[in-house]
Structures are given as structure tokens and as C-alpha cells.
Amino acid sequence: MSVEKNIAEIKKKMEEAKQRSRYHQDVKLIAVTKTVEHEKMIQAYRAGILDFGENRVQEIQKKYELFPKEIRWHLIGTLQTNKVKYIIDKVHMIHSLDRDSLAKEIDKRARERSKSMDCLVQVNISQEGSKHGQTKEEALDFVEHICRFYPNIRIRGLMGMAPFEEDSEKTRCYFTDMKQLFEEAKTLNLGNSEMSHLSIGMTNDYEIAIEEGSTIVRVGTGIFGRRNY
Ligand SMILES: *Cc1c(COP(=O)(O)O)cnc(C)c1O
7 MSVEKNIAEI
17 KKKMEEAKQR
27 SRYHQDVKLI
37 AVTKTVEHEK
47 MIQAYRAGIL
57 DFGENRVQEI
67 QKKYELFPKE
77 IRWHLIGTLQ
87 TNKVKYIIDK
97 VHMIHSLDRD
107 SLAKEIDKRA
117 RERSKSMDCL
127 VQVNISQEGS
137 KHGQTKEEAL
147 DFVEHICRFY
157 PNIRIRGLMG
167 MAPFEEDSEK
177 TRCYFTDMKQ
187 LFEEAKTLNL
197 GNSEMSHLSI
207 GMTNDYEIAI
217 EEGSTIVRVG
227 TGIFGRRNY
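Our numbering puts the first residue of the sequence shown at 7, with every later residue one more than the last.
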């Protein structure tokens, strides 16, 4: 299957999932391009994709130079504090804000450039496996803390990853939990931040995530095929 056909197929399935969802939300597709070679990324761009997700700072730095400036780069993986300075001018949104030290650094680097950085707070919804992300219990306090103390960060929502399940239906409970947390977060006093995005759903489970209220899905394998590490 070609990249173009894969994208068309995924967009169709996204549309169908939206019809089944009771939230009538808009959903954005981010093409996850980690390890993906230039040629395939160009194919995705030609098929209309303007949002690329990467998990490594080095790859963003390299690819940023090679692609048109209209591309929006999303940092979706663990971000080391000492690397924030390399991407602060390049990324559209950081999906993996998961700790105070990182928030502090993002705020500092954004302030130096007189900008505000859009971020999502990463929540560890499965509470196991991956160590990254705020716990469900602490996530809302963390959101409020950032909004109070880091004026150059604009929180735009939450991000989460369900554990991989052979039977993707089993991921649904994680997404309903995230949706509930997201709705609670909207009721907080957030200053200049706003809770507009719920970034949940990957190749294996994006349809279920959309049914449960996702507004951003991050799809890699489904578009580009298996990754070669
Ligand atoms: C790799 C990755 C994805 C995409 O995973 P696929 O299963 O290939 O769609 C999405 N989100 C994050 C955070 C990732 O690291």
C-alpha cells in the first residue's frame, strides 16, 4: 500500500469513527514520522499532511531544514531538559510535558524569545509500563501549577497513550478515563491557557480513541508501515 492510499484509508476511518462518537468533535491527524525516511514523508506532505510528530530532538532539527516552513512539528516523545533550547523555535506543540523541571526550562527558553509555547500535559493513563507522565491523581494540580507559575507556557490539553492491546477494544477504558480527566481540567481556572485538545489514539486504537473524544490522533505505522530502528 502507498503512503497516499494509507492516509486516505485512515481519514475515511477517522470520519466514520467521528460519526459514531457522541462528542461531534473535530479531529486532527498527526503523521508520526520517527525513523521515516525523507521520501515517504514527502509523499505524506503531497497527500496533504501538514502535521508531523517526532520523538527525537535530533531528527526534528535535521528534518526541519529539509521541509517547507508550513509544516507543523509536534514533539511527542520524552524531552530532555537540556535539549529544549534546540527545538523551542521549531516545534508547534510539545505533547510530552510531564514534569516540573521540564516546564521550568520550556518557560525560560520561550521567555527568552518572547513567545509562548503550546504544550499538552502527558498523563500516564495505564499507571504502569511507561514511567512517563503525570498520574491521573496529580495531573490537574500539575496543570494548575504550570498555569500559575509559567506564563510563557500555554497549556492546550492532555496527551496519553493506552498500553498496546492485541484486542484494541480493551483500550477503551483508558480513553474514557482520559476524557473524564480532560472534562475536569476544562473547569479549572487556567488563565491564558485553554483545554482544547485531547491527544489520544495511535495506529492500533485511533478509532476507539475518536469514539471516546480524541481531538488529535498520532498515527505512524498505519501510514508509513513498520518502522526500521
Ligand atoms: C511512535 C508513537 C506514536 C505512533 O505509533 P504507531 O503505533 O506507529 O501509530 C504515537 N505517539 C507516540 C508518543 C509515539 O511515540
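Each residue gets a CB set at the ideal place from its N, CA and C atoms; glycine is no exception. Fair warning: this is a prediction, and the values are worked out from it, not measured in the lab.
DSSP three-state assignment for residue i, whether helix, strand or coil
i	result
His-30	coil
Val-9	helix
Glu-45	helix
Gly-59	strand
Ile-229	helix
Ala-14	helix
Ala-50	helix
Environment of residue i [buried if 16+ CB atoms lie within 10 Å]
i	result
Glu-43	exposed
Cys-179	exposed
Glu-76	exposed
Arg-52	exposed
His-203	buried
Phe-58	buried
Ser-107	exposed
Glu-21	exposed
Endpoints, alpha helix (DSSP H) assigned at residue i
i	result
Arg-233	Careful: Arg-233 lies outside any alpha helix (DSSP H) and carries neither H nor E.
Gln-67	63–72
Glu-213	212–217
For residue i, the nearest candidate out of the options (CA to CA)
i	options	result
Leu-164	Asp-183, Glu-175, Thr-177 and Phe-188	Phe-188
Ile-214	Lys-24, Ile-13, Lys-17 and Glu-143	Lys-24
Phe-148	Lys-19, Glu-10 and Leu-194	Leu-194
Tyr-29	Arg-232, Ser-220, Gly-231 and Gly-54	Ser-220
Pro-169	Asn-210, Lys-121 and Lys-192	Asn-210
Ile-216	Gly-228, Val-33 and Asp-124	Val-33
Trp-79	Arg-26, Arg-160, Leu-35 and Cys-153	Leu-35
His-98	Ser-205, Leu-81 and Asn-130	Leu-81
Thr-84	Lys-68, Leu-126, Ala-14 and Leu-72	Leu-126
Short CB-CB distance (under 8 Å) between residue i and chain D
i	result
Glu-111	Although the question refers to chain D, the structure presented lacks it and comprises just one protein chain.
Residue i: first and last residue of the uninterrupted beta strand (DSSP E) it sits in
i	result
Leu-236	Since the first and last residues shown for the chain are 7 and 235, residue 236 lies out of range.
Ile-222	222–225
Leu-81	78–81
Leu-3	Residue 3 lies beyond the stretch modelled for the chain, which goes from 7 to 235, so this question has no answer here.
**Q.** Unbroken stretches of the beta strand (DSSP E), 3 residues or longer, contained in the segment 87–174
**A.** Qualifying beta strand (DSSP E) stretches, in chain order: 97–103, 123–129 and 159–166.
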